[in-house]
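Everything in the sequence shown is counted per the working numbering, starting at 8 for the first residue and increasing by one. Cβ atoms here follow ideal geometry from the backbone N, Cα and C, with glycine treated the same way. This report refers to the structure that appears directly beneath it.
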Amino acid sequence: MRIVHHPGSILHDPVSFFRRGSLIPHPEQAARYLLLRDAVREAGHDLAEAGDAGLAPVLSVHDAGYVAFLREAWERRGELGEVGEEILTGHFARPQMRRRPTGMLGLLGLYTADTSTPIRAGTWAAAYGTAQAAIGAAEAALAEGRAYALCRPPGHHAYADSAGGFCYLNNSAIAAGHLRRATGGPVAILDIDVHHGNGTQGIFYARPDVLTVSVHADPANYFPFFAGYSDETGSGEGAGFNRNLLVAHGAGDGPWLAAIREGLDAVAAHRPAALVVALGLDASQDDPIGALKVTTAGFSAAAEAIARAGLPTAIVQEGGYLCEALPRNLVAFLAAFEAAVG
């Protein structure tokens, strides 16, 4: 399979994360990219470095003011006074507070949702480069039937105008937008990350041309908490084009695969010209921050079911955190997908 990646992925390298009152090692480390890149290379896949399609595909799904903030924030860090290796804030906008301030501390609170998305020297370069990988995989999927984007940092928690949940630019949404323009037809996104793809849902919630289906652990007591429920089905022209399929915490392969099959039925009914798979490997039983118990065999079965949909498919890496099973699950998923398409 064609693997599209960008070496700039390692330039965003957060060290710590403020979680439940304590500083812990940041789960979304640059080592994720290196581990997955080496695994697919050793498995014999065709690695291709992403080109540069420019900002237009990014701006097709993201607010221009937000993108400008991401590009400029590190260079404007001096406005905050003396800072260390990263900048973030403890003052976040809420739905009742959406005025746009002018100072950097306020902009950090407007454009980021939590403390998991610090701005560092290489943050913009990494986010931009990995978005280009998603675009490259979308193009390769149309030409070759399938491709995998090794995206890091991930993207599906990023809204049109906000970073959050380790995510800055929404790679899956950017890939879907690119496929929508290239094909002229509707597109579907199937998100199988353990966490709800809340940013992706938000970007397309009022649109009928991109079906969003998310299979994820019940968010009532799990990130992202405030979105991802089954009654969220879209609004306006997008009513009926968003599906959330919740899986009970601790569930293993069976319930997760059943939800994926239900999601694929919704995809088939949409009759899309292409499919984006937001591949989170954090549904694994071995993932350090996961809530499900999916096995390597479960990932292989999911890949087979998705491949049988017979659509041009861009597989975009989302979550999946450092553990021994992480590269094994990716290699198994890609191998099963390839075997199913023949």
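Spatially closest choice to residue i from the options, by CA coordinates
{"i": "glycine 305", "options": "Ala265, Gly192 and Arg315", "result": "Ala265"}
{"i": "isoleucine 196", "options": "Gly243, Gly172, Asn228 and Ala145", "result": "Ala145"}
{"i": "glutamate 93", "options": "Pro102, Glu82 and Gln103", "result": "Glu82"}
{"i": "histidine 19", "options": "Ala38, Tyr229 and Asp294", "result": "Ala38"}
{"i": "phenylalanine 24", "options": "Asp121, Ala138, His202 and Val222", "result": "Asp121"}
{"i": "alanine 346", "options": "Arg214, Leu253, Val11 and Ala314", "result": "Ala314"}
{"i": "alanine 156", "options": "Gln103, Gly88 and Leu286", "result": "Leu286"}
{"i": "alanine 133", "options": "Ser169, Arg78 and Asp168", "result": "Arg78"}
{"i": "isoleucine 296", "options": "Arg153, Gly349 and Leu288", "result": "Leu288"}
{"i": "aspartate 351", "options": "Phe230, Arg250 and Asn228", "result": "Given a span of 8 to 349 for the chain in the structure shown, any question on residue 351 remains unanswerable."}
{"i": "aspartate 293", "options": "Arg278, Leu271 and Tyr328", "result": "Tyr328"}
{"i": "serine 291", "options": "Thr240, Pro215 and Gly326", "result": "Gly326"}
{"i": "threonine 303", "options": "Thr137, Asn336 and Arg48", "result": "Asn336"}
{"i": "valine 222", "options": "Trp263, Phe232 and His12", "result": "Trp263"}
{"i": "glycine 259", "options": "Tyr236, Ser169, Ala298 and Phe232", "result": "Ala298"}
{"i": "glycine 129", "options": "Ala147, Thr119 and Arg159", "result": "Arg159"}
{"i": "arginine 84", "options": "Ala55, Cys330 and Gly110", "result": "Gly110"}
{"i": "cysteine 330", "options": "Arg48, Gln36, Ile31 and Gly349", "result": "Gln36"}
{"i": "isoleucine 199", "options": "Ile31, Phe173, Ala312 and Gly143", "result": "Ala312"}
Cα-Cα separation, residue i to residue j
{"i": "alanine 309", "j": "isoleucine 267", "result": "7 angstroms"}
{"i": "arginine 9", "j": "leucine 149", "result": "12 angstroms"}
{"i": "proline 161", "j": "valine 274", "result": "23 angstroms"}
{"i": "alanine 332", "j": "proline 319", "result": "28 angstroms"}
{"i": "glycine 204", "j": "proline 34", "result": "18 angstroms"}
{"i": "proline 226", "j": "alanine 255", "result": "9 angstroms"}
{"i": "leucine 95", "j": "isoleucine 126", "result": "7 angstroms"}
{"i": "alanine 57", "j": "glutamine 103", "result": "40 angstroms"}
{"i": "glutamine 208", "j": "alanine 234", "result": "9 angstroms"}
{"i": "serine 242", "j": "glutamate 89", "result": "45 angstroms"}
{"i": "valine 201", "j": "aspartate 45", "result": "24 angstroms"}
{"i": "threonine 124", "j": "valine 22", "result": "11 angstroms"}
{"i": "glycine 261", "j": "aspartate 59", "result": "41 angstroms"}
{"i": "arginine 187", "j": "valine 194", "result": "6 angstroms"}
{"i": "valine 284", "j": "histidine 185", "result": "14 angstroms"}
{"i": "tyrosine 40", "j": "glutamate 86", "result": "32 angstroms"}
{"i": "proline 231", "j": "glycine 152", "result": "32 angstroms"}
{"i": "phenylalanine 344", "j": "serine 307", "result": "8 angstroms"}
{"i": "tyrosine 166", "j": "asparagine 228", "result": "21 angstroms"}
{"i": "alanine 170", "j": "leucine 54", "result": "28 angstroms"}
{"i": "threonine 119", "j": "alanine 80", "result": "12 angstroms"}
{"i": "tyrosine 73", "j": "serine 67", "result": "12 angstroms"}
{"i": "alanine 63", "j": "valine 348", "result": "32 angstroms"}
{"i": "leucine 30", "j": "cysteine 174", "result": "19 angstroms"}
{"i": "arginine 105", "j": "leucine 252", "result": "30 angstroms"}
Residues near residue i by beta carbon distance below 7 angstroms, same chain, minus five either side
{"i": "leucine 117", "result": "Ala100, Arg107 and Pro108"}
{"i": "alanine 71", "result": "none"}
{"i": "glycine 247", "result": "Thr240 and Gly241"}
{"i": "glycine 136", "result": "His13, Gly15, Ser16 and Ala57"}
{"i": "proline 334", "result": "Leu42, Leu43 and Ala46"}
{"i": "isoleucine 181", "result": "Pro64, Val65, Val68, Ala138, Ala141 and Ile142"}
C-beta atoms of residue i and residue j nearer than 9 angstroms
{"i": "serine 179", "j": "alanine 224", "result": "no"}
{"i": "leucine 176", "j": "histidine 69", "result": "yes"}
{"i": "glycine 113", "j": "histidine 164", "result": "no"}
{"i": "threonine 190", "j": "alanine 281", "result": "yes"}
{"i": "glycine 270", "j": "lysine 300", "result": "no"}
{"i": "arginine 278", "j": "glycine 245", "result": "no"}
{"i": "alanine 321", "j": "alanine 147", "result": "yes"}
Same chain, Cβ closer than 6 angstroms to residue i, five either side skipped, listed in chain order
{"i": "phenylalanine 211", "result": "Val217 and Thr219"}
{"i": "histidine 98", "result": "Gly116"}
{"i": "phenylalanine 76", "result": "Leu114 and Tyr118"}
{"i": "alanine 52", "result": "The sequence shown places histidine at residue 52, rather than the alanine named in the question. These residues qualify, in order along the chain: Met8 and Ile10."}
{"i": "tryptophan 131", "result": "Leu77 and Arg78"}
{"i": "glutamine 324", "result": "Leu157, Cys158 and Leu286"}
{"i": "glycine 192", "result": "Ala280"}
Cut-off 8 angstroms between Cβ atoms - residues of its own chain near residue i, not counting five sequence neighbours on either side
{"i": "alanine 50", "result": "Val338, Leu341 and Ala342"}
{"i": "proline 32", "result": "Val22, Ser23 and Phe24"}
In chain order, each beta strand (DSSP E) run of at least 3 residues that lies wholly inside the region 125–160: 153–156
In the region 37–109, which residue ranges form an unbroken alpha helix (DSSP H) of at least 4 residues, counting only runs that do not cross its ends? 38–49, 63–66 and 71–79
Please list the segments of the beta strand (DSSP E) lying wholly inside the region 200–287, counting only runs of 3 or more residues, in order along the chain. As for any beta strand (DSSP E) of minimum length 3 sitting wholly inside the region 200–287, the runs are 217–224, 249–254 and 281–286, ordered along the chain.
Contiguous beta strand (DSSP E) assignments of at least 3 residues, all confined to the region 285–318: none
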